[in-house]
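K.L.:
Here you go, one structure.
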Amino acid sequence: MSQNIAYDVALVGASPSNLTLAHRLVDLAQGPIRIAILEKGKSVGAHLLSGAVSNPRVLNKVFPNWKEDETFPLEGICKESYVTFMGAEKVEDAPRFAVPPHFKKEGYAILSVSDLAAWMADRLTEKAAAKEGVVVDIYPTFPAKEIIYKGDAVVGVRVDSTGDNAKDILHAKVTVFGDKGFVSRDLCDKFALRKNPQVWGVGVKEIWETEESYEGKVWHTAGYPAQPGLYGGGFIYGCKHNKLIVGYVCALDNDNPNLEPPQLLQDLKKSPWVQKMLKGGKLMRYGAAVLPEGGYYSLPEKFAVAGAMMVGDALGTLDIKRFSGVDKAMESGWIAAEVIADALAKGDTSEAALAPYKAKVMDSFIGKELFEARYFKQTFHTYPEILNDAFPAFAAGVDAGRGLFGGALAFGLSGPFRALKLLGARGMMENPSDRGAVAYKEDRTYPNPAYKKPEGAKAEGYDRKTVFTTADIVYYAHTHYEEGVQHIDEFDKNVCYSCINRYEGAGKRPPCVGDCTAEVHEVMEINGKRTHKMAFENCVQCTTCEIVCPPKNLRVNAAPYGSGPDFSNM
Amino acid sequence: MSGYKMVVLMKQVPDTSSKAGVNPDGTVDRARAKRMMNPFDKYALQKALEVKKAHGGEITVVSMGPPPALEIVVEALEYGADKGILLSDKRLAASDTLSTAYALHMVVKHVGKVDMVFTGLQTTDGDTAQTGPQIAERLDMPQVTYLEKLEVKDGVATMQRVVEGGHQTLEVPLPCLVTVANSAARLEPKRFADVFAVKELIRDKAAYDKKVTILDLDVVGANPDRAGLKGSPTVVGKTWKMGEIGGSCTMFEGGNAKDEVAELVGKLTADHGAILEEVLP
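Chains as they are written, first to last, in the numbering used here: chain A, 65 to 634; chain B, 6 to 286.
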């Protein structure tokens with residue numbers, strides 16, 4: 065029998081969180097250490113996508129010289145940031161005094177998280193090679209398939225399926241999950257770690273090459289193209305070399321079963337304001353990813369169990385109030401590394417030995433800021449007037465030339481009591497007093513077949529070459545699948561039949577179809593039956609379909625052989 | 006030794022999915038270009054792996070190129086090859102197929118007695134499909150091109166090759182050289198344990214040096230005058246662009262299908278009416 069494949073630490077996912085962890089662990093290493101990094105993408109970064117305008121506070125710690133390093137993949141430094149209210153025709157920037165401090169992004173780094181991870185991996189390999197006894201092995205195209213336990217302790221993950229455990233299992237003293245739930249959801253389920261479910265948003269993003277340069281300019285938008293009731297907003301970031309990032313993010317806890325995220329982004333681009341920026345430009349890339357939006361109240365009961373920890377999006381450190389994901393993810397890796405170094409030094413990776421991780425995270429800026437932002441998302445559920453009435457009134461005000469102030473005034477006059485209530489909403493978001501714990505409902509409980517989409521304003525006169533059908537735009541995600549890869553499980557055909565029946569009966573498409581970011585899901589007539597079908601080769605692996613599937617009948621697995629999108633530069 | 010001794014010839018080529026390193030004149034700056042294993046060679050490696058799986062044996066991967074080409078030699082080990090040789094020598098620069106075949110056949114001779122040599126159909130950078138057959142001639146081996154399937158028994162290989170309009174089955178005595186068609190079986194994905202083993206191998210210098218070697222012309226006994234630019238009579242007269250994929254797109258926005266089709270027919274008639282008159286009765 066051959067020997068087991070064994071490392072001290074196994075990192076699931078070459079994410080910024082796990083790569084920060086590895087860097088820190090190598091820095092802290094006093095003697096030999098072996099680290100393995102599993103990555104499902106064909107290369108590090110291939111499956112990573114983010115905005116991203118990021119506070120460089122952790123970057124500064126891990127790479128003190130990143131600003132001077134010519135190899136660092138910096139897209140730009142934010143010089144001007146705006147919160148912009150969009151009507152279908154006109155837009156207006158919120159006055160600076162009214163913009164909450166956490167929306168002011170000046171000095172932040174504009175990053176491609178995909179390129180950042182690739183760069184971090186290269187630096188890591190160099191760093192490890194220069195340190196005696198330190199081994200860091202990165203395994204692109206090899207996702208973790210299954211968690212391996214011994215009793216209640218995690219002892220590694222299954223990577224391959226030759227049938228010989230000695231060849232298939234990666235053994236480790238500590239396994240760290242930095243994935244977006246592909247595997248870590250099984251850990252949470254096994255130990256019932258989340259009292260409250262994670263709730264998700266989905267982001268779609270395009271990169272354009274434009275005639276004009278908008279380098280250093282950052283816009284976050286509200287209003288158009290969101291229909292009343294939609295929690296969503298756009299982002300436009302100007303980068304070096306005339307690159308312009310245009311994206312849209314919306315929450316998935318929404319009644320509308322057919323959100324069509326890529327088309328929301330197309331609608332955003334139809335705005336005359338965005339049209340002006342895109343004029344003469346060329347679409348370069350497209351991609352999509354989900355964001356764990358639950359924050360404080362979605363955090364698991366334990367951040368570590370015997371032999372395993374969670375970092376970044378697996379843990380749920382993203383702060384939707386501050387749009388702060390990358391820095392908090394990296395910080396969680398930084399902290400995890402210190403706990404792991406201690407545990408390995410003591411030769412004890414039990415649950416008790418890893419437990420200080422949670423206290424340290426909650427004591428860091430992650431815990432403090434997530435606590436302070438704990439009611440932000442819930443505010444929009446507590447005060448549905450914000451999205452149903454106030455934002456549409458502001459947008460109408462902008463379009464009618466009365467301005468944001470005029471819109472706000474009109475909204476106030478139409479119902480002074482309602483307007484007063486919204487002052488309470490602002491308090492809940494910005495300076496919350498204690499209201500007790502929030503209970504989230506799973507995203508999949510929201511899509512409602514009877515949902516009626518309110519009529520919203522439509523942008524007119526746009527250049528049709530700047531907008532794309534979802535089928536066309538997927539081309540720009542550069543997906544490639546090895547022959548025969550079918551990475552999404554449909555558990556029960558009959559469950560799909562009845563779901564299709566329920567939604568199509570009400571004139572809608574089922575949520576897997578209506579919320580898909582890449583035209584993977586469709587309903588086809590087969591033998592007289594409306595049947596769920598999937599075009600796997602389109603999939604960008606965002607997992608939205610699994611999240612919104614009302615009967616919980618789908619599971620998106622990490623695809624093997626590096627199959628999936630190419631998100632480099634995204 | 007049981008099983009068959011096999012050599013697979015492989016080349017590192019510019020990554021065709023990347024535009025990096027393509028000069029404005031259409032030539033390739035190999036230092037800046039992203040690199041990859043020639044996709045055609047993967048079919049050759051798969052065939053050798055199949056023979057090894059069925060009968061045992063040893064696969065030596067041979068490549069020629071600048072030092073970075075070692076990447077594909079090591080990658081071939083991850084796929085299951087046993088040994089790797091890179092022929093790397095500055096005097097090989099600017100080789101055409103004549104001098105490449107000369108140099109590579111010297112490496113195969115250097116390896117010793119081999120039963121089978123596998124090559125890809127062609128490379129994605131040169132696209133000549135000449136090197137494989139030339140090497141067979143120099144080694145004085147029977148050659149089979151466009152191979153799809155292969156079975157070996159008692160020193161005779163039964164092969165199926167693609168020919169225009171169908172297939173041809175041949176029996177060939179070993180040793181022989183085959184160039185493998187890209188309609189043959191695809192290279193099976195790497196196994197985790199194999200990749201792990203290669204990573205461990207790279208850290209064990211003594212073991213690594215036994216498996217992976219970099220050779221120069223002198224070691225394989227090749228005449229430098231017949232290699233590289235000196236040994237290459239081929240002259241590239243001129244390269245030019247054949248045009249790029251893409252072009253302009255005209256949207257017909259008549260509002261309804263009938264008007265849009267009428268508009269399209271009108272435009273086609275106006276732009277290409279003369280041709281239409283010629284071809285239509």
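Heads up, the beta-carbon is just placed ideally off N, CA and C, and yes, glycines get one too.
Output needed for A/Ala78: all residues of its chain with C-beta closer than 7 Å, excluding positions within five of it in sequence on either side, in chain order.
P.N.:
The answer, listed in chain order, is Ile101, Glu103, Val108, Ala181, Ala185 and Ile202.
K.L.:
Give the interface partners of B/Tyr256 over in chain A, defined as CB-CB distance under 9 Å, in chain order.
P.N.:
A small fix is needed here, since residue 256 of chain B is Met in this sequence, not Tyr. The contacting residues are Arg528 and Lys529.
K.L.:
Rounding to the nearest angstrom, what Cα-Cα distance links A/Pro292 and A/Gly215 in this structure?
P.N.:
Between A/Pro292 and A/Gly215, the C-alpha separation is close to 50 Å.
K.L.:
Would you mind sorting B/Asp223 into buried or exposed? The rule is 16 or more other CB atoms within 10 Å of its CB.
P.N.:
Exposed is the call here.
K.L.:
Which of helix, strand or coil does DSSP assign to A/Arg160?
P.N.:
Note: A/Arg160 maps to helix in three-state DSSP.
K.L.:
Can you check which of these residues, A/Val117, A/Glu415, A/Gly171 and A/Gly470, is closest to A/Ala300 by C-alpha distance?
P.N.:
Sequence check: residue 300 of chain A is Ile here, not Ala. Nearest option by C-alpha distance: A/Val117.
K.L.:
A/Phe532 touches chain B at which residues, Cβ-Cβ below 9 Å?
P.N.:
The premise fails here: A/Phe532 is roughly 12 Å from chain B at the closest Cβ pair, so nothing lies under 9 Å.
K.L.:
At a Cβ threshold of 9 Å, is A/Glu275 touching chain B?
P.N.:
No, its Cβ sits nowhere closer than 9 Å to a Cβ of chain B.
K.L.:
Give the single residue among A/Leu92, A/Thr148, A/Thr84 and A/Phe149 whose Cα lies nearest to the Cα of A/Pro120.
P.N.:
Closest by alpha carbon: A/Thr84.
K.L.:
Indicate the three-state DSSP secondary structure (helix, strand or coil) for A/Tyr71 in the structure shown.
P.N.:
Strand at A/Tyr71.
K.L.:
Starting from B/Thr136, trace the beta strand (DSSP E) both ways and give me its first and last residue.
P.N.:
B/Thr136 -> not in any beta strand (DSSP E); alpha helix (DSSP H) instead, spanning Thr136 to Leu144.
K.L.:
Can you list, in chain order, the residues of its chain with a C-beta nearer than 7 Å to that of A/Met598? Leave out the 5 residues immediately preceding and following it.
P.N.:
Closer than 7 Å at Cβ, skipping near neighbours: Ile552, Val584 and His585.
K.L.:
Report yes or no: do three or more beta-carbon pairs, one from the stretch 507-515 of chain A and one from the stretch 605-616 of chain A, lie closer than 8 Å?
P.N.:
Taking 8 Å as the limit for Cβ pairs, the verdict is that the stretch 605-616 of chain A does touch the stretch 507-515 of chain A.
K.L.:
Does DSSP classify A/Asp507 as helix, strand or coil?
P.N.:
Helix, per DSSP.
K.L.:
Could you confirm whether any beta carbon from chain A is found closer than 9 Å to the beta carbon of B/Lys195?
P.N.:
Yes, B/Lys195 lies at the interface with chain A (some Cβ there is under 9 Å from its Cβ).
K.L.:
For chain A, check one thing: does any of its Cβ atoms lie closer than 9 Å to the Cβ of B/Val27?
P.N.:
With 9 Å as the cut-off, B/Val27 does not count as an interface residue toward chain A.
K.L.:
Please look up how many angstroms separate the CB atoms of B/Val112 and B/Gly89, rounded, as I've assumed it's under 8 Å.
P.N.:
With 8 Å as the limit, B/Val112 and B/Gly89 do not qualify as a contact, their Cβ atoms being about 11 Å apart.
K.L.:
Please decide whether B/Ala275 counts as near chain A, where near means a Cβ-Cβ distance under 9 Å.
P.N.:
Judged by the 9 Å Cβ criterion, B/Ala275 is not in contact with chain A.
K.L.:
In three-state terms, what does DSSP make of A/Leu234?
P.N.:
Note: A/Leu234 maps to strand in three-state DSSP.
K.L.:
So for B/Met6, helix, strand or coil by DSSP?
P.N.:
The predicted model places B/Met6 with a pLDDT of 47, which falls under 50 and marks its position as unreliable; any figure quoted below should be read in that light. Looking at B/Met6 - three-state DSSP - the assignment turns out to be coil, as it is neither helix nor strand.
K.L.:
Unbroken beta strand (DSSP E) runs of length 3 or more, entirely within the stretch 176-252 of chain B: which are they?
P.N.:
Qualifying beta strand (DSSP E) stretches, in chain order: 181-185 and 217-220.
K.L.:
Would you mind sorting A/Tyr539 into buried or exposed? The rule is 16 or more other CB atoms within 10 Å of its CB.
P.N.:
Flag for A/Tyr539 reads exposed.
K.L.:
Are the C-beta atoms of B/Ala198 and some chain A residue less than 9 Å apart?
P.N.:
Yes, its Cβ sits closer than 9 Å to a Cβ of chain A.
K.L.:
Beta-carbon within less than 7 Å of A/Met65's beta-carbon, same chain only, minus the 5 sequence neighbours each way: which residues are those?
P.N.:
At A/Met65 the pLDDT is 46, less than 50, meaning the model places this residue with poor confidence; the figure from the coordinates comes in the next sentence. For A/Met65, where only same-chain residues beyond five positions count, the Cβ hits under 7 Å are Ala230.
K.L.:
Answer yes or no: do B/Ala86 and B/Val13 have a C-beta to C-beta separation smaller than 9 Å?
P.N.:
Yes. Within cutoff.
K.L.:
If you reduce the DSSP assignment to three classes, tell me which class A/His542 lands in.
P.N.:
Three-state DSSP puts A/His542 in coil, outside helix and strand.
K.L.:
Taking CB distances under 9 Å as the criterion, tell me whether A/Pro624 reaches chain B.
P.N.:
So yes, A/Pro624 belongs to the interface.
K.L.:
When the Cβ atoms of the stretch 448-468 of chain A are set against those of the stretch 389-409 of chain A, are three or more pairs found closer than 8 Å?
P.N.:
No: fewer than three Cβ pairs fall under 8 Å.
K.L.:
Around the C-beta of B/Met6, are 16 or more other C-beta atoms found within 10 angstroms, so that it is buried, or is it exposed?
P.N.:
Confidence in B/Met6 is poor, its pLDDT being 47 and thus under 50, which makes the residue's placement too unreliable to answer from.
K.L.:
Once the 5 residues before and after A/Val375 are set aside, which same chain residues still bring their CB inside 8 Å of it?
P.N.:
Excluding positions up to five away in sequence, the list reads Ser79, Ser81, Asn82, Leu85, Val240, Phe241, Gly242, Thr381, Ala393, Ser396, Gly397 and Ala400.
K.L.:
Measuring straight from C-alpha to C-alpha, what distance separates A/Pro518 and A/Tyr447?
P.N.:
Using only the alpha carbons, I get a separation of about 18 Å.
K.L.:
Pick helix, strand or coil for A/Gly376, following the three-state DSSP scheme.
P.N.:
Of the three classes helix, strand and coil, the one that applies to A/Gly376 here is helix, per DSSP.
K.L.:
If you pair each beta-carbon of the stretch 213-220 of chain B with each one of the stretch 228-235 of chain B, do three or more pairs fall below 8 Å?
P.N.:
Judged by Cβ distances under 8 Å, the stretch 213-220 of chain B makes no contact with the stretch 228-235 of chain B, as fewer than three pairs qualify.
K.L.:
From B/Met42 to B/Gln17, what distance separates their C-alpha atoms?
P.N.:
Each residue's Cα considered, the two are about 5 Å apart.
K.L.:
Could I get the ranges of all uninterrupted alpha helix (DSSP H) runs contained in the stretch 166-218 of chain A, with 4 residues as the minimum, in chain order?
P.N.:
Within the stretch 166-218 of chain A, the complete alpha helix (DSSP H) runs of at least 4 residues are 177-193.
K.L.:
So, are the CB atoms of A/Phe475 and A/Ala483 less than 9 Å apart?
P.N.:
Yes; because the gap between Cβ atoms is below 9 Å, this pair is in contact.
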